[in-house]
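Its first residue numbered 15, the sequence shown is counted upward by one per residue in our numbering.
Note that beta-carbon positions come from the ideal geometry of N, C-alpha and C, so glycine has one too.
Since this is a predicted model, take the numbers as computed values, not measurements.
Remarks on the structure that follows.
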Amino acid sequence: MSLIHEIDYGTPASRSERQVTLTIDGRAVTVPEGTSIMRASMEAGIQIPKLCATDMVDAFGSCRLCLVEVEGRNGTPSSCTTPVSPNMVVHTQTGRLKDIRRGVMELYISDHPLDCLTCAANGDCELQDMAGAVGLRDVRYGYQGENHVRARNDDAINPKWMPKDESNPYFTYDPSKCIVCSRCVRACEEVQGTFALTIEGRGFESRVSPGAHEHFLDSECVSCGACVQACPTATLTEKSVIAIGQPEHSAVTTCAYCGVGCSFKAEMRGEELVRMVPWKDGQANRGHSCVKGRFAYGYASHRDRILNPMIRENISDPWREVTWEEAFSHIATEFRRIQYQYGRDAIGGITSSRCTNEETFLVQKLVRAGFGNNNVDTCARVCHSPTGYGLGQAFGTSAGTQNFDSIEQSDVVIVIGANPTDGHPVFGSRLKKRLRQGAKLIVIDPRRIDLVRTPHVEAAYHLPLKPGTNVAVMTALAHVIVTEGLAAEAFIRERCDWSEFEDWAAFVSDKAHSPEVTESFTGVPADLLRGAARLFATGGNGAIYYGLGVTEHSQGSTTVMAIANLAMATGNIGRPGVGVNPLRGQNNVQGSCDMGSFPHELPGYRHISDDATRDTFEKLWGVTLNNEPGLRIPNMLDAAVEGTFKGIYIQGEDILQSDPDTRHVSAGLEAMECVVVHDLFLNETANYAHVFLPGSTFLEKDGTFTNAERRINRVRRVMTPKNGLADWEVTQKLAQAMGLNWNYAHPSEIMDEIAATTPSFGLVSYDYLDKMGSVQWPCNEAHPKGSPIMHVDGFVRGKGKFIRTEYVATDERTGPRFPLLLTTGRILSQYNVGAQTRRTENVIWHAEDRLEIHPHDAEQRGIKDGDWIKLASRSGDTTLRAQITERVSPGVVYTTFHHPDTQANVITTDFSDWATNCPEYKVTAVQVSPSNGPTQWQEDYNDMSNRSRRIAGKIQAAE
Numbered sequence: 015m016s017l018i019h020e021i022d023y024g025t026p027a028s029r030s031e032r033q034v035t036l037t038i039d040g041r042a043v044t045v046p047e048g049t050s051i052m053r054a055s056m057e058a059g060i061q062i063p064k065l066c067a068t069d070m071v072d073a074f075g076s077c078r079l080c081l082v083e084v085e086g087r088n089g090t091p092s093s094c095t096t097p098v099s100p101n102m103v104v105h106t107q108t109g110r111l112k113d114i115r116r117g118v119m120e121l122y123i124s125d126h127p128l129d130c131l132t133c134a135a136n137g138d139c140e141l142q143d144m145a146g147a148v149g150l151r152d153v154r155y156g157y158q159g160e161n162h163v164r165a166r167n168d169d170a171i172n173p174k175w176m177p178k179d180e181s182n183p184y185f186t187y188d189p190s191k192c193i194v195c196s197r198c199v200r201a202c203e204e205v206q207g208t209f210a211l212t213i214e215g216r217g218f219e220s221r222v223s224p225g226a227h228e229h230f231l232d233s234e235c236v237s238c239g240a241c242v243q244a245c246p247t248a249t250l251t252e253k254s255v256i257a258i259g260q261p262e263h264s265a266v267t268t269c270a271y272c273g274v275g276c277s278f279k280a281e282m283r284g285e286e287l288v289r290m291v292p293w294k295d296g297q298a299n300r301g302h303s304c305v306k307g308r309f310a311y312g313y314a315s316h317r318d319r320i321l322n323p324m325i326r327e328n329i330s331d332p333w334r335e336v337t338w339e340e341a342f343s344h345i346a347t348e349f350r351r352i353q354y355q356y357g358r359d360a361i362g363g364i365t366s367s368r369c370t371n372e373e374t375f376l377v378q379k380l381v382r383a384g385f386g387n388n389n390v391d392t393c394a395r396v397c398h399s400p401t402g403y404g405l406g407q408a409f410g411t412s413a414g415t416q417n418f419d420s421i422e423q424s425d426v427v428i429v430i431g432a433n434p435t436d437g438h439p440v441f442g443s444r445l446k447k448r449l450r451q452g453a454k455l456i457v458i459d460p461r462r463i464d465l466v467r468t469p470h471v472e473a474a475y476h477l478p479l480k481p482g483t484n485v486a487v488m489t490a491l492a493h494v495i496v497t498e499g500l501a502a503e504a505f506i507r508e509r510c511d512w513s514e515f516e517d518w519a520a521f522v523s524d525k526a527h528s529p530e531v532t533e534s535f536t537g538v539p540a541d542l543l544r545g546a547a548r549l550f551a552t553g554g555n556g557a558i559y560y561g562l563g564v565t566e567h568s569q570g571s572t573t574v575m576a577i578a579n580l581a582m583a584t585g586n587i588g589r590p591g592v593g594v595n596p597l598r599g600q601n602n603v604q605g606s607c608d609m610g611s612f613p614h615e616l617p618g619y620r621h622i623s624d625d626a627t628r629d630t631f632e633k634l635w636g637v638t639l640n641n642e643p644g645l646r647i648p649n650m651l652d653a654a655v656e657g658t659f660k661g662i663y664i665q666g667e668d669i670l671q672s673d674p675d676t677r678h679v680s681a682g683l684e685a686m687e688c689v690v691v692h693d694l695f696l697n698e699t700a701n702y703a704h705v706f707l708p709g710s711t712f713l714e715k716d717g718t719f720t721n722a723e724r725r726i727n728r729v730r731r732v733m734t735p736k737n738g739l740a741d742w743e744v745t746q747k748l749a750q751a752m753g754l755n756w757n758y759a760h761p762s763e764i765m766d767e768i769a770a771t772t773p774s775f776g777l778v779s780y781d782y783l784d785k786m787g788s789v790q791w792p793c794n795e796a797h798p799k800g801s802p803i804m805h806v807d808g809f810v811r812g813k814g815k816f817i818r819t820e821y822v823a824t825d826e827r828t829g830p831r832f833p834l835l836l837t838t839g840r841i842l843s844q845y846n847v848g849a850q851t852r853r854t855e856n857v858i859w860h861a862e863d864r865l866e867i868h869p870h871d872a873e874q875r876g877i878k879d880g881d882w883i884k885l886a887s888r889s890g891d892t893t894l895r896a897q898i899t900e901r902v903s904p905g906v907v908y909t910t911f912h913h914p915d916t917q918a919n920v921i922t923t924d925f926s927d928w929a930t931n932c933p934e935y936k937v938t939a940v941q942v943s944p945s946n947g948p949t950q951w952q953e954d955y956n957d958m959s960n961r962s963r964r965i966a967g968k969i970q971a972a973e
């Protein structure tokens with residue numbers, strides 16, 4: 015194994031289809047029109063010295079190292095800023111150029127520390143490389159430095175020197191090593207879009223400055239790492255590299271956080287991870303990253319990780335460490351006892367959206383072939399199950415229609431119920447870049463998310479709807495489009511069922527759906543809504559991106575269908591730049607759904623009642639499958655309280671913290687006789703567990719994840735599982751203990767089984783993924799290269815289906831006792847229930863959940879910023895600190911759910927989507943009042959949680 019080195023071509027690739035031929039150092043080179051001389055040379059294998067140029071940002075031309083001579087032109091133009099032209103003759107290495115380059119390097123080195131042997135960038139320093147490339151042997155100007163190399167000059171304090179900034183937990187900034195190439199500044203602007211960095215001063219006084227001469231931690235920097243990646247010296251360096259040293263081998267793998275599915279190079283020394291570097295060939299992230307994927311991997315070696323299986327008879331007992339064999343035998347015995355005593359349907363399982371496709375496939379197979387029922391569900395039940403239902407009804411397939419590259423061709427973008435800059439930050443950066451290029455944005459959200467107004471980006475329309483009125487707003491948008499004759503009739507007649515469209519058009523044309531009528535209960539001004547509708551219908555390629563603010567409602571499925579209606583009505587399906595795009599929350603929530611994790615569907619979204627589909631699996635698995643759908647997660651908990659459901663295997667999910675109505679979840683878990691939790695840490699659900707099986711991280715396993723764009727990406731093992739077994743091995747050994755004859759030797763064999771039984775994965779194999787890099791399903795004989803864009807020539811179901819979307823107000827209503835509406839969401843630095851990110855340095859940005867409240871509502875209640883407040887609903891109450899902000903409208907409050915101390919879901923209710931049981935997290939009637947301390951629930955819960963985490967009787971750690 016060795017380090018994976020990526021070629022830096024110096025400038026971005028040209029997308030022109032016209033070709034230009036020129037001569038570089040005697041070689042004929044043909045490249046697309048608009049390509050820089052630097053890139054053309056690099057593609058021909060001729061490396062021109064450079065410092066300020068990198069292919070992740072536009073050409074800048076400041077370092078003056080990349081100068082060339084062009085026959086017929088005066089001077090020595092910079093190759094990074096000079097485009098090729100037909101028949102151009104270029105010389106990259108002449109006596110004149112060598113002298114100029116050495117002179118430039120002398121100036122750089124004269125003001126740069128010469129501590130190369132002890133520098134963290136030694137062996138990975140472009141300044142060092144370029145000094146060698148230009149043949150620098152001496153510096154005529156001395157080495158003392160004019161302004162910022164040394165803290166003292168001749169024993170006098172040097173006022174121009176700046177100390178190293180170590181405020182950021184993940185990287186350092188050493189101004190003395192800065193060569194003012196501006197690569198970090200440009201990466202922050204062009205790639206990330208935060209504009210947190212600038213160059214202060216002039217001439218030798220110049221240096222990089224976060225914000226207005228602030229520390230990095232105090233500035234607007236979001237720690238995405240783009241600046242660190244761009245830096246050619248040790249000015250910006252990962253602290254892990256400083257501590258460990260330069261990596262010596264690497265492997266490409268996939269991030270285990272959100273649904274963007276970024277590709278990274280895991281760079282290693284032995285079995286120690288040195289750093290994660292975004293891979294430029296990753297088709298989801300294109301070489302970019304966020305703070306979580308780039309830096310927040312420390313949880314993998316955190317002291318809280320459980321490395322040995324544990325058992326206890328009662329949830330009030332301390333844990334007892336046991337061997338793997340004892341744990342598997344105990345589970346198998348208990349599950350058999352429960353089924354004998356209570357019936358075959360008394361146990362079930364939950365698959366993990368953080369685990370690989372192969373691992374979730376095995377869990378649903380265990381439930382169906384081993385437990386003999388279909389009581390299997392996944393976390394998509396509480397997030398994107400309405401996406402599966404709604405898009406399945408309208409289009410015939412349960413996934414998004416585009417790849418992420420599609421955003422580069424969008425002209426108008428609707429973002430509804432999503433906060434991409436926090437929840438899906440790498441996609442958020444790509445979206446902001448397109449908006450800076452001129453695309454228009456419509457934000458539909460009760461909260462003023464960053465995209466409404468951020469540096470060099472401002473939404474054309476922000477529709478601040480009242481929580482729970484999504485359907486009414488989407489139908490009102492359709493009303494404007496239909497009644498003003500803006501529908502794409504030709505597309506509809508060709509691609510959709512015309513009679514169903516006519517019925518739907520008559521429905522939305524009703525005056526009751528007009529913006530003037532709906533304004534009274536949605537809170538969206540009619541003129542704003544009409545303007546947004548006209549823009550989307552007439553503005554060119556229109557794309558819709560949505561998140562949990564759409565699905566986590568009592569009408570989540572209805573809103574998804576309304577979104578599909580709007581896309582079809584405007585002809586925005588089946589080509590780049592358009593489409594319906596759910597932003598999936600977890601790294602493999604799409605994959606867990608694909609793998610048959612729902613109680614009514616086998617892998618590939620085929621209903622369990624279909625005889626032919628069952629026959630395929632029955633022949634391969636050698637069992638007879640139950641043809642009746644099993645229990646969903648809420649049904650399992652209900653049945654447990656009723657006394658008919660007694661055992662559950664939970665793979666990598668924390669339902670006690672993530673699912674709604676915490677009291678009901680805890681009652682259901684407490685009523686069970688054998689709760690098996692398979693996870694990295696003793697999570698909140700483990701408080702009610704009888705068996706704990708330690709899990710493995712994404713760094714410790716092979717497999718695949720499927721991201722929000724249906725992209726199947728490889729996950730590659732770079733270290734030995736600290737617990738001794740990868741998660742797929744744990745499930746296989748449990749299946750063997752249950753009497754199943756499973757003998758997979760490697761996850762690739764599981765993928766082969768998936769491909770053999772699931773038509774949309776027909777050509778997928780590890781060898782094929784290694785060859786292609788990644789593919790988007792469907793990938794089969796009909797689509798051998800995968801399907802970046804869905805529904806190109808027609809919908810999967812045949813004709814697109816328009817569906818009436820009648821607005822039905824939620825049963826969760828405000829009133830005198832609970833006059834405010836609570837909605838929930840995520841923040842950039844934290845992920846889901848925080849089990850991983852809370853065990854990293856990311857807590858420096860978000861140490862606790864806070865309640866956002868409008869100044870008017872706070873003043874009425876005598877609440878000041880930072881005060882402790884009590885948040886109460888019909889379901890329960892909790893306490894947290896207040897954050898007064900105008901991001902939320904009067905009457906609306908907002909909080910995150912990353913910290914178990916808050917237990918935000920003790921507040922949420924058991925109302926759910928009518929079609930899928932997806933909980934209504936986004937609408938809860940609440941009251942806010944001052945508080946002096948934790949609620950009784952919090953005190954009791956913390957006491958129980960502390961007692962539950964006791965471990966007695968340790969055994970030697972797994973080898």
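CB of residue i within 8 angstroms of CB of residue j, strictly
i: Ile965; j: Glu335; result: yes
i: Ala606; j: Thr772; result: Reading the sequence as shown, one finds Ser at residue 606 and not Ala. Contact: no.
i: Thr251; j: Ala135; result: yes
i: Gln378; j: Ser611; result: yes
i: Leu639; j: Leu542; result: no
i: Ile62; j: Cys77; result: no
i: Ile768; j: Pro613; result: no
Residues sharing a beta bridge with residue i, DSSP
i: His692; result: Gln665 and Leu707
i: Lys454; result: Val426
i: Arg507; result: Note: Arg507 sits in no beta bridge, so no partner.
i: Gln33; result: Pro46
i: Pro292; result: Phe278
Distance, residue j Cα to residue i Cα
i: His805; j: Val236; result: 37 angstroms
i: Ala971; j: Gly666; result: Model confidence at Ala971 stands at a pLDDT of 48, short of 50, so the residue's coordinates are unreliable and nothing is read from them.
i: Pro735; j: Gly787; result: 25 angstroms
i: Tyr955; j: Val689; result: 19 angstroms
i: Ser962; j: Ala654; result: 21 angstroms
i: Glu973; j: Gly709; result: Note on Glu973: pLDDT 41, under 50, position unreliable in the model; no value is reported.
Where the alpha helix (DSSP H) through residue i begins and ends
i: Ile51; result: Ile51 to Glu57
i: Pro1060; result: This structure gives no information on residue 1060, because the portion of the chain shown stretches from 15 to 973.
i: Gln243; result: Ala240 to Ala244
i: Phe278; result: Phe278 -> not in any alpha helix (DSSP H); beta strand (DSSP E) instead, spanning Ser277 to Arg283.
i: His493; result: Asn484 to Thr497
Start-to-end residues for the beta strand (DSSP E) that takes in residue i
i: Arg725; result: Arg725 to Val729
i: Val396; result: It is not in any beta strand (DSSP E) - Val396 carries neither H nor E in the DSSP assignment.
i: Glu214; result: Leu211 to Glu214
i: Leu834; result: Leu834 to Gly839
- Quick check: the region 558 to 572 against the region 414 to 432, are there 3 or more CB pairs under 8 angstroms? yes
- Item | the region 390 to 402 touching the region 754 to 770, judged by at least three CB pairs closer than 8 angstroms | no
- Query: Does the region 185 to 201 touch the region 247 to 267, meaning 3 or more C-beta pairs lie closer than 8 angstroms?
  - Reply: yes
- Task: Count the C-beta pairs between the region 169 to 180 and the region 113 to 121 that are closer than 8 angstroms, then say yes if the count reaches three, no if not.
- Result: no
- Spell out a yes or no on whether the region 100 to 108 and the region 207 to 220 are touching, meaning 3 or more CB-CB pairs, one atom from each, closer than 8 angstroms. no
- Message: Three Cβ pairs or more, each shorter than 8 angstroms: is that satisfied between the region 401 to 414 and the region 806 to 820?
- Response: yes
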